[in-house]
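Peer 1: Using our numbering, the first residue of the sequence shown is number 27, and each one after it goes up by one. Cβ coordinates follow ideal geometry from the N, Cα and C atoms, glycine included.
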Amino acid sequence: MLEIIDVTHTYGAYQALGGVKLTLAEGELVCVVGPSGCGKSTLLRCVAGLVQPTGGRILLDGVPVSQTPDNLAVVFQDYSRSLFPWMSAAANVALPLRRKGMDRASRRTAAMEALEQVGLAGAAGKYPWEMSGGMQQRVSIARALAYRPSLLLMDEPFGSVDAQTREDLEDLVLRVCAHHGMTIMLVTHDIDESVYLGDRVVVLSRSPGTVAGDLQVSLPSP
Ligand code: ADP
Ligand code: ADP
């Protein structure tokens, strides 16, 4: 379970987050939506430990996230900068598993499994520059899945792919990520996407971002 408790953040004199209070239950997929500039990415980066919040606390299963970096994975919008260009898809997916102390054979098995789950079993040996944007983003998602984090953070993960790929990737997230039982926080500016994907949709208001709404979504499962 993720607890975001009165988190504030300022960049110099500019206040980006004005006190965010938000709790994600285990296994929940929560979409954080709001206008451009309201602080969504800042919030996600605070949770990821990439930005040190100016105030407040963020706990993952009761422990400050800054002390449990191994329990989370992040998928960014910019897939072109998130994969190592000199490594194959499989090697990109397998790389973070070294942190877990997994041996070479186990890393390979886990990488191949994750690539299969995202529909890229046949592309394990391909390099990023040999793949479309959508495929590269699938590899990024596979890397996150292989790591088996308890918390998955996604920042506009489908913001840079075409409409058809976007739909495919949205369904992939619902199918695969939900199946893994991970807690997911997904940031998007797209209301339709947030309602389609989220168990809950949390609305951030304009900067300084605060939670302006927290809506339970009940739609028939896709
Ligand atoms: P969103 O993801 O909702 O578009 P961001 O969290 O990226 O919003 O940004 C929130 C506000 O903080 C914006 O006004 C943005 O210009 C500002 N901001 C973001 N990053 C920085 C930074 N590194 N330095 C200064 N201002 C920043
Ligand atoms: P190493 O540098 O020890 O090979 P890596 O972290 O680069 O370790 O790779 C981890 C695992 O991923 C290895 O077991 C490797 O065999 C496997 N791997 C790397 N590239 C590919 C590929 N193109 N196809 C299948 N498996 C691969």
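So, under 8 Å CB-CB, Lys66 and Val213 are touching, yes? Tell me the CB distance rounded to an integer number of Å.
Peer 2: As a first step, residue 66 must be located in the sequence shown, where it is residue number 40. As a first step, residue 213 must be located in the sequence shown, where it is residue number 187. With a Cβ gap of about 4 Å, Lys66 and Val213 count as contacting.
Peer 1: Verify whether the separation of the beta carbon atoms of Leu86 and Asn97 is less than 8 Å.
Peer 2: Working through the sequence shown from its first residue, we reach residue 86 at position 60. Working through the sequence shown from its first residue, we reach residue 97 at position 71. Cβ distance < 8 Å, so Leu86 and Asn97 count as in contact.
Peer 1: Using 8 Å as the threshold, is the C-beta distance between Gly145 and Val187 below it?
Peer 2: Walking along the sequence shown from the start, residue 145 turns up at place 119. Walking along the sequence shown from the start, residue 187 turns up at place 161. For Gly145 and Val187, no; Cβs fall outside 8 Å.
Peer 1: Please look up how many angstroms separate the CB atoms of Val237 and Leu48, rounded, as I've assumed it's under 8 Å.
Peer 2: Position 211 of the sequence shown holds residue 237. Position 22 of the sequence shown holds residue 48. Rounded, the Cβ-Cβ distance is 6 Å, consistent with contact.
Peer 1: Report the option in Pro95, Ala116, Lys126 whose CA atom is closest to the CA atom of Met157.
Peer 2: Within the sequence shown, numbered from 1, the residue matching residue 157 stands at position 131. Among Pro95, Ala116, Lys126, the Cα nearest to that of Met157 is on Ala116.
Peer 1: Give me, in chain order, the residues of the same chain whose beta-carbon lies closer than 6 Å to that of Gly45; leave out the 5 immediate sequence neighbours on both sides.
Peer 2: Here the question's residue 45 lines up with position 19 in the sequence shown. Here the set comprises Asp32, Thr34, Thr236.
Peer 1: What do you reckon, are the CB atoms on Met128 and Pro175 nearer than 8 Å?
Peer 2: Here the question's residue 128 lines up with position 102 in the sequence shown. Here the question's residue 175 lines up with position 149 in the sequence shown. Not a contact, by the Cβ cut-off of 8 Å.
Peer 1: Is Leu141 closer than 8 Å to Ala170 when the C-beta atoms are compared?
Peer 2: The residue given as residue 170 occupies position 144 in the sequence shown. The residue given as residue 141 occupies position 115 in the sequence shown. No; because the gap between Cβ atoms is not below 8 Å, this pair is not in contact.
Peer 1: In whole angstroms, give me the CA-to-CA distance for Ala204 and Ala172.
Peer 2: The residue labelled residue 204 in the question sits at position 178 within the sequence shown. The residue labelled residue 172 in the question sits at position 146 within the sequence shown. When rounded, the distance between both Cα atoms is 14 Å.
Peer 1: Of all the options Leu121, His215, Gly185, which has the alpha carbon lying nearest to the alpha carbon of Leu230?
Peer 2: Position 204 of the sequence shown, counting from 1, holds the residue named residue 230. The option with the nearest alpha carbon to Leu230 is His215.
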